[in-house]
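Keeping their order, the protein sequence lines are chains A and B.
Residue 100 is where the first sequence starts when you use this note's numbering, and the numbers rise one by one after that.
Residue 4 is where the second sequence starts when you use this note's numbering, and the numbers rise one by one after that.
Every residue gets a Cβ at the ideal spot worked out from N, C-alpha and C, and that includes glycine.
Since this is a predicted model, take the numbers as computed values, not measurements.
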Amino acid sequence: MATLKELSQREELLAGGHRLCAGCGASIVVRQILLAAGKNVVVSSATGCLEVATTIYPYTSWRVPFIHSAFENSAATACGVEAMYQSLKRKGKLPVDEEIRFIAFGGDGGTYDIGLQSLSGGLERGHDFLYVCYDNGAYMNTGIQRSSSTPLGADTTTSPAGKVIPGKQQYRKDLTDVVEAHHIPYLAQASPHNWKDLTRKVEKALSIRGPKFLNVIAPCHRGWRSGVDQAIELARLAVETCFWPLYEVENGKVTINYKPKTKKPVTEWMKLQGRFKHLFNPENEHILQRLQEGIDAKWENLLRREEGSGQ
Amino acid sequence: MGKPVAMTGNIAVANAMRQINPDVCAAYPITPSTEVMQQFASFVADGKVDTELVTVESEHSAMSACIGAAAAGGRVMTATSANGLALMWEMLYIASGNRLPIVMMVVNRALSAPINIHGDHSDGMGARDSGWIQFYSENAQEAYDNLIQAVVIGQNRDVRLPVMVGMDGFIISHSIENLELLSDQQVKDFIGEYIPLYPLLNIKQPVTFGPLDLQDYYSEHKRQQAEAMKLAKPVILKVAQDFAAVSGRKYGFFETYRLEDAEIAILTLGSSAGTARFVVDEARERGVKVGLIKLRLFRPFPMEELQAALGQVKALAVMDRCDSFGAAGGPVFSEVRSALYDLSPRPAVINYIYGLGGRDLGIAHIEQVIRDLQEIRQTGKVKELITYLTVRE
């Protein structure tokens, strides 16, 4: 694995000067992934913050080939590019010694919701690509609407904390589990605060042929109503509270990459975010409780699965 | 002379695809175009082509994958019909906006609801403003010929636009006809090598496809697309000329039949032209000065050329196998009528909506059209501008 020193000497493949917010979690995630991946990659992106803020014509922040086509099809577009790569390589129209890797990016809206079908199709067909979901838990680009990744109780513009309904009424979809059901060779959850773990996972994923999936938490201070400088801290707390466990599934074997010595209550993560503020009112205590119960159950389940798959 | 064969429209098209041997083909099955991809899949399975076949999970992904593949830098094809084309709608604009010469066979079919799997032009006409070049074919021979020409037209450096070739569902797609195939080598030579512009797979020269284009550039990019459509016209004629040299079959933007001295005329597109031609012959025997114009190219719309061809006609019936609800007639009618507006004297132009959902267009129907046109010719009066033909009312 590349050391921190090596990574620091590599060329930044997502150039500065893009219009993503200062302190945006997604840009940190993408920079780290590209540093780990190197230059021989072609990137596809769903419509969203990452795409609109990095490709304002006539400028581009991408120092690697990049394609955006629509919101729901980052995976299908990447599959098309990869199919052409396989075709031209087979026909001898591309240099054989030049290995190219394919990375498709999408936010949670473009992945968990509208893009789920094309992601599922691409995984099932076995294309050789890595899909990265940068998960900030809402449709941030269109103005913080709830997505199926939005945590229970969160205040968003389409699940507002009102007088009668206190925020989002449902648990979030567990996309990583959904992806696992496709039995692809490698999938993982990662976080930008743990650059080492993220870098290793990118390197590992890109070394494997076939479809790979990374779900990376990407704090968004606009949507989370948090401090501009808190992305990394919030990512860390998401992991320390087990809201966002770091784990990987390689050929069906579950490995938890980080187990907090003492699991923090999820409120430690939530209290830094304005989107959960209303849940700290006494009448909403039951929602906090439900959230904690959901996280505990998933974490226990993950521990059991790790134990089970090791046998 | 090409090789004479008997095959359905779909199989003819699949054979054109085999001879074209695209680098990537992404498709999702939909009736009545399904057979195209079934046949093509067996060509792939038998090693008769070395295409990468991507059997996607929807037509939306089919066009998305075609866009990715075309941007990557190779020859790309697909086929679809009706609701499949409608599901691609968003991506059709993205294919043309990115100037990707994807070639698509559209086996024209009615759109739901109510669901109907048979031939009409609602799908293609729905996509008329998506920036794709559009051809319509009268029979399997034309579908085969148009598809091969489409490859060369789309990839032209002045054009670089996606091209769809239509043929009527079932009426052509599933009927066995006699036609001539070119030899594999003839097709290979005719389409030539494809050299992509700015391919994504050239990692030494990274490019960004599909950027955000705000008020400061969007208009200019759309204007360039409009210009590419204009530039496509001479290219289409040149390609037709080259194709005639290879095949002996001549094509233009449209075909005129007994139109030179015609006082009244019928304009149609697709399979109904054959029926119309037969009825025109019959009427001519009775001394009726009637002609036929069969539109092959719908986008870019050959406005000036139609003006020139129809200048002497006194009354024209435009046949639309598609309705445009609440509009000033069917899609072909409103454009043809608009094209003829500047003529002086101006022919009377009437519209027939016919054959929706595969309803048969019979000889008697076209005879009725000719009678109506004769009456207009005699009285100078149009009783009904837009009429539904082949429908119980």
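Alpha carbon to alpha carbon, how far is B/Y220 from B/Q22? The residue labelled residue 220 of chain B in the question sits at position 217 within the second sequence. The residue labelled residue 22 of chain B in the question sits at position 19 within the second sequence. Roughly 40 Å separates the two Cα atoms.
Report the partner residues of A/W161 according to the DSSP bridge assignment. Counted from its first residue, the first sequence places residue 161 of chain A at position 62. Answer by DSSP bridge pairing, in chain order: A/L113.
Between the region 375-386 of chain B and the region 335-342 of chain B, can you find at least three pairs of beta-carbon atoms closer than 8 Å? no
In whole angstroms, what separates the C-alpha of A/Q410 from that of A/T354? Taking the first sequence and counting its residues from 1, the one referred to as residue 410 of chain A is at position 311. Taking the first sequence and counting its residues from 1, the one referred to as residue 354 of chain A is at position 255. Low local confidence applies: a pLDDT of 49 at A/Q410 is under 50, so the model's placement there is unreliable, with the coordinate-based value given in what follows. Approximately 12 Å, taken between the alpha carbons.
Would you call the CB atoms of A/G208 and A/S246 closer than 8 Å? Taking the first sequence and counting its residues from 1, one reaches residue 208 of chain A at position 109. Taking the first sequence and counting its residues from 1, one reaches residue 246 of chain A at position 147. Contact: yes.
Per-residue contacts from A/K190 into chain B (C-beta, under 8 Å): Stepping through the first sequence from its first residue, residue 190 of chain A is reached at position 91. Under the 8 Å cutoff, chain B gives D26, D53.
Helix, strand or coil, according to DSSP, for A/Y184 in the structure here? Residue numbering aside, residue 184 of chain A sits at position 85 when the first sequence is read from its first letter. Helix.
Three or more C-beta pairs under 8 Å: does that hold for the region 142-149 of chain B against the region 4-17 of chain B? yes
B/K292 (DSSP reduced to helix, strand or coil): Taking the second sequence and counting its residues from 1, the one referred to as residue 292 of chain B is at position 289. Note: B/K292 maps to coil in three-state DSSP.
A/L402 - DSSP class collapsed to helix/strand/coil: As a first step, residue 402 of chain A is located in the first sequence; it is residue number 303 there, counting from the start. Helix at A/L402.
For A/K190, which residues in the same chain have their Cβ closer than 6 Å to its Cβ, ignoring the five residues on either side in sequence? As a first step, residue 190 of chain A is located in the first sequence; it is residue number 91 there, counting from the start. Taken in chain order, the list of residues that qualify is empty.
Since A/G206 sits in a beta bridge, which residues does DSSP pair it with? As a first step, residue 206 of chain A is located in the first sequence; it is residue number 107 there, counting from the start. Answer is A/Y233, bridged to A/G206.
Chain-ordered neighbours of A/N139 on chain B, where CB pairs are closer than 9 Å: Here residue 139 of chain A corresponds to residue number 40 of the first sequence, with the count starting at 1. The contacting residues are I206.
Just the chain A side, please: which residues come within less than 7 Å of B/T81 by C-beta, in chain order? On the second sequence, residue 81 of chain B is found 78 positions in, with the first residue counted as 1. Those do not exist, as B/T81 stays about 11 Å from chain A at its closest Cβ, beyond 7 Å.
Sorted by chain position, which residues of the same chain lie with C-beta nearer than 7 Å to A/V180's C-beta, five sequence neighbours on each side aside? By one-based count along the first sequence, residue 180 of chain A stands at place 81. Cβ within range, chain order: V141, S143, I166, F201.
Rounded to the nearest angstrom, what separates A/H117 and A/A330 at their Cα positions? Your numbering for residue 117 of chain A matches position 18 in the first sequence. Your numbering for residue 330 of chain A matches position 231 in the first sequence. In a straight line, the C-alpha of A/H117 is about 18 Å away from that of A/A330.
Considering only DSSP beta bridges, list what B/C410 is partnered with. In the structure displayed, chain B extends from 4 to 396; residue 410 of chain B sits before or after that span and is not available.
Same chain only: Cβ atoms within 6 Å of B/M128, ignoring 5 sequence neighbours per side: As a position in the second sequence, residue 128 of chain B is number 125, starting the count at 1. If we look at B/M128 and ignore the five residues flanking it on each side, its Cβ neighbours are C325, P334.
Would you call the CB atoms of B/L103 and B/I70 closer than 8 Å? Taking the first residue of the second sequence as position 1, residue 103 of chain B is located at position 100. Taking the first residue of the second sequence as position 1, residue 70 of chain B is located at position 67. Yes, they are a contact pair.
Tell me which residues share the same chain as A/G266 and place their Cβ nearer than 6 Å to its Cβ, disregarding the 5 neighbours each side in the sequence. Your numbering for residue 266 of chain A matches position 167 in the first sequence. Same-chain partners within the cutoff: G252, A253, D254, S258, A260.
Would you check whether the ligand PLP has a heavy atom nearer than 7 Å to the C-beta of B/S84? The ligand PLP is not part of this structure, which contains no ligands at all.
Does DSSP put B/Y147 in a helix, in a strand, or in coil? In the second sequence, the residue the question calls residue 147 of chain B occupies position 144. Residue state, collapsed to three classes: helix.
A/R403 to A/K311, Cα distance in whole Å? One-based indexing of the first sequence puts residue 403 of chain A at position 304. One-based indexing of the first sequence puts residue 311 of chain A at position 212. Using only the alpha carbons, I get a separation of about 23 Å.
Mapping DSSP to helix, strand and coil, what is B/H368? Here residue 368 of chain B refers to the residue found at position 365 when the second sequence is read from its first residue. Reduced to three states, the DSSP call for B/H368 is helix.
Applying a beta-carbon distance threshold of less than 9 Å, which residues of chain B neighbour A/T165? Indexing the first sequence from 1 puts residue 165 of chain A at position 66. Here residue 165 of chain A turns out to be Phe, not Thr, going by the sequence shown. Near A/F165 (Cβ distances below 9 Å), the residues of chain B are L203, P209, V210, T211, F212, G213, P214.
What residues of chain B sit near A/S219, judged by a beta carbon separation below 8 Å? In the first sequence, residue 219 of chain A corresponds to position 120, counting from 1. Result: E60.
Under the three-state DSSP convention, the category B/L88 falls into: Walking along the second sequence from the start, residue 88 of chain B turns up at place 85. Note: B/L88 maps to helix in three-state DSSP.
DSSP bridge partner residues for B/G169 (one or two, in chain order): Along the second sequence, read from residue 1 onward, the residue named residue 169 of chain B stands at position 166. BP columns for B/G169 point to B/V109, B/Y139.
Using only the alpha-carbon positions, how far apart do B/D193 and A/T210 sit? Taking the first residue of the second sequence as 1, we reach residue 193 of chain B at position 190. Taking the first residue of the first sequence as 1, we reach residue 210 of chain A at position 111. One point to set straight first is that residue 193 of chain B is Phe, not Asp, in the sequence displayed. So the two alpha carbons sit approximately 43 Å from each other.
From the DSSP output, in three-state form, read off B/R226 for me. Against the second sequence, residue 226 of chain B aligns to sequence position 223. Helix.
Beta carbons nearer than 8 Å to chain B: which residues of the region 185-217 of chain A have them? Q185, S186, L187, R189, K190, K192, L193, E197, I199, Q216, S217
Quick check on the burial criterion: 16 or more other C-beta atoms within 10 angstroms. Buried or exposed for A/G205? Locating residue 205 of chain A in the first sequence gives position 106, counting from the first residue. So A/G205 ends up on the buried side.
Please work out which residues of its chain come closer than 6 Å, Cβ to Cβ, to A/T256, disregarding the five sequence neighbours upstream and downstream, and give them in chain order. Taking the first sequence and counting its residues from 1, the one referred to as residue 256 of chain A is at position 157. Excluding sequence neighbours, A/T256 sits near G242, I243, Q244.
Determine the chain B residues that contact A/R162 at a beta-carbon separation under 9 Å, and present them in chain order. As a first step, residue 162 of chain A must be located in the first sequence, where it is residue number 63. Those within 9 Å of A/R162 in chain B are P209.
Could you tell me whether the Cβ atoms of B/P35 and B/G169 are closer together than 8 Å? Along the second sequence, one-based indexing puts residue 35 of chain B at 32. Along the second sequence, one-based indexing puts residue 169 of chain B at 166. No, the pair does not count as a contact, with Cβ atoms beyond the cut-off.
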